[in-house]
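Written out below as structure tokens is the structure these notes cover.
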Amino acid sequence: MDPIWTNSRPTRNHGYMIYDTLFALDRDGKVAPQMVDRYDVSPDRLVYTFTLRDGLLWHDGQPVTAEDCVASIRRWAAKDSLGQKLMAITRAIDVVDAKSFRITLTKPTGVLLFGLAKPSSYPAFMMPKRVAETDPFKQITDYTGSGPFVFKTDEWQPGVKAVYVKFDKYKPRDEPPSGLAGGKKVNVDRVVWLSMPDPQAQVNALAAGEIDYLEMPLVDLLPLLRDDKNVRLTEYNPLGIMMAFRMNHTTKPFDDPKIRQAVWYALNQRDFMAAAVGDPKQYRICKSMYACGTAFETNVGMEGKLESTVDKSKALLKEAGYDGTPVVLIQFTGLGSNIGPVAKALLERGGFKVDMQVSDIATWVARQKSRAPSNAGGWSAFMTGPTGIDTINPLVVDMMDASCDKAQPGWPCDAELEKLRQAFMDATDLEAQKAAADAAQKRAVEISTHIPIGQFHVPIATRSTVEGVIEAPAPVFWNLVKH
């Protein structure tokens with residue numbers, strides 16, 4: 001339940017319930033102040049001074065201070081790939097007074113505010129200093145936030161339910177909600193998240209009025225929901241989800257770059273999307289590491305790949321001297337688990353041996369952190385799905401981070417890719433950014449940081465008595481009204 005320790009989507013969603021951010025992205029993807037009241041930038045664009053809004057309180061009643069925010073930024077930046085890049089050009093982060101702090105850079109950048117506003121993988125959630133000083137590679141145990149809901153740890157049943165209650169002392173911005181920005185006005189006293197692995201049971205519960213809200217209904221069951229006059233479907237995340245196949249660069253067999261290349265020719269997107277989504281109206285073939293429909297979408301480096309050209313896959317494996325080491329494919333149970341067998345079948349058809357190991361999602365998330373060999377409790381590959389907004393450029397695609405031990409699980413290590421990501425960060429116009437983004441994708445494909453396997457979107461389903469679902473890259477529960 002620590003959104004800095006893990007970048008899993010459920011934990012990110014939990015973070016938006018109980019924490020707040022200094023900045024956020026509005027519905028149009030523009031950066032907007034959230035906890036920050038005002039900020040100033042020096043003429044040379046090296047010094048940013050931030051002042052917090054009045055009335056910000058932690059759930060324990062203590063005021064939010066600049067010291068808390070500085071500690072939170074440091075913890076976030078230790079894990080987030082863009083945060084790491086920003087810290088590399090940060091001279092100092094200083095407390096000015098109880099409500100103000102200053103970030104001094106060594107050179108200008110156009111992405112500092114975006115970094116503080118990015119919606120996931122990882123969001124810069126603010127925590128009390130005592131919590132934020134926890135080693136970022138260890139989980140926190142104190143869930144005190146300053147967000148619109150309080151997490152009821154006494155009612156938490158891991159894997160069963162999580163309970164949140166309205167934080168009566170939360171002070172929303174005096175403006176309409178927009179995306180993850182704006183006024184976070186809470187209209188309900190209590191929200192209970194239930195874990196229901198069976199998609200049919202989820203739909204039945206919604207139809208019967210036993211639940212009010214279903215985050216990601218199975219696409220095959222959408223016709224049932226569309227025909228129910230007591231159910232409302234809302235498209236809330238237009239860029240959807242970017243599914244990806246992630247390989248572990250540190251252990252056999254994927255420590256060999258040629259063996260990683262073979263995977264590109266074993267897989268194809270259509271089979272994954274047909275299994276995960278089914279309805280072609282809900283997915284698209286997207287051979288880009290950046291979300292299709294965004295400024296940096298590109299097919300650079302993708303020529304001939306992701307077409308299940310199994311002869312090519314087998315030839316590459318033969319050239320690499322593949323010795324039959326099994327691909328330990330870790331897969332979670334529940335919604336989305338049907339893509340595991342697809343990956344297994346495609347890899348085997350392409351000449352790999354595959355050992356698919358299935359667990360609950362909590363175990364799956366924890367196992368990703370393991371650096372043990374794949375035959376000793378580690379892993380070779382898994383599939384994941386960041387939101388589209390988290391894949392719009394090479395700085396926010398966490399799986400393109402090739403900073404070795406500091407990278408996300410999979411730990412790609414490539415100085416050339418890191419230079420190209422830095423070039424994007426240093427670019428001062430769209431043309432230069434586009435060139436850097438194309439070059440970064442080309443290199444990421446060459447070293448196989450990850451493999452995109454399709455883009456899809458699924459609406460939120462609610463009872464017709466629920467209104468106020470916000471269009472945002474994460475499901476949020478402020479602004480909701482239940483009649």
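For what it's worth, UniProt numbering labels the leading residue of the sequence shown as 1, then goes sequentially. Ideal Cβ positions, reconstructed from N, Cα and C, are used throughout, including at glycine.
Alpha-carbon to alpha-carbon, residue 162 and residue 155: 7 Å
Residue 47 to residue 76 span [Cα, whole Å]: 20 Å
Residue 482 versus residue 468: straight-line alpha-carbon distance, rounded: 9 Å
Beta-carbon proximity check, residue 25 vs residue 126, cutoff 8 Å: no
Beta bridge counterpart(s) of residue 193 as assigned by DSSP: Residue pairing by DSSP places residue 193 opposite 162 in a beta bridge.
Buried/exposed call for residue 34, threshold 16 Cβ in 10 Å: buried
Bridge partners - residue 331, DSSP secondary structure assignment: 358
Length of the line joining the Cα atoms of residue 412 and residue 189: 45 Å
Closest Cα partner of residue 278 within the set 41, 456, 404 and 146: Closest option to residue 278, Cα to Cα, is 456.
Within the region 231-319, ranges of the alpha helix (DSSP H) (whole runs, at least 4 residues): 257-266 and 269-276
Whole beta strand (DSSP E) elements within the region 43-121, 3-residue minimum: 47-52, 90-97 and 100-105
Beta strand (DSSP E) segment containing residue 149, residue limits: 149-151
Residue 59 to residue 147 span [Cα, whole Å]: 8 Å
Beta-carbon spacing of residue 4, residue 79 below 8 Å: It is a contact, given that the beta carbons lie within the stated cut-off.
Cβ contact (3+ pairs, closer than 8 Å) linking the region 325-344 and the region 204-211: no
Residue of 123, 56, 102 and 61 minimising C-alpha distance to residue 81: 123
Alpha carbon of residue 30 to alpha carbon of residue 317, nearest angstrom: 45 Å
Residues near residue 170 in its chain [Cβ-Cβ closer than 6 Å; skip 5 each side]: 148
Residue(s) in a DSSP beta bridge with residue 40: Its beta-bridge partners are 49.
Cβ-based neighbour list, residue 178, same chain, cut-off 7 Å, excluding 5 preceding and 5 following: 26 and 27
For residue 157, the residue or residues it bridges with in DSSP: 161
First through last residue of the beta strand (DSSP E) which encompasses residue 25: 23-25
Touch test, the region 384-394 against the region 418-428, Cβ-Cβ under 8 Å, three pairs minimum: yes
Residue 467, DSSP secondary structure in three states: The three-state secondary structure of residue 467, taken from DSSP, is strand.
Nearest neighbour of residue 216, chosen from 210, 91, 227 and 234 [CA to CA]: 234
Nearest-angstrom Cβ-Cβ length linking residue 349 and residue 266, presumed shorter than 8 Å: 7 Å
When 201, 219, 220 and 218 are compared against residue 211, the one with the closest alpha-carbon: The shortest Cα separation from residue 211 among 201, 219, 220 and 218 belongs to 201.
Distance CB(residue 452)-CB(residue 287) smaller than 8 Å: yes
Closest residue to residue 333 among 311, 96, 38 and 357 (Cα-Cα distance): 357
Contact between the region 461-480 and the region 232-250 (3+ Cβ pairs under 8 Å): yes
8 Å Cβ cutoff met for residue 261 and residue 448: yes
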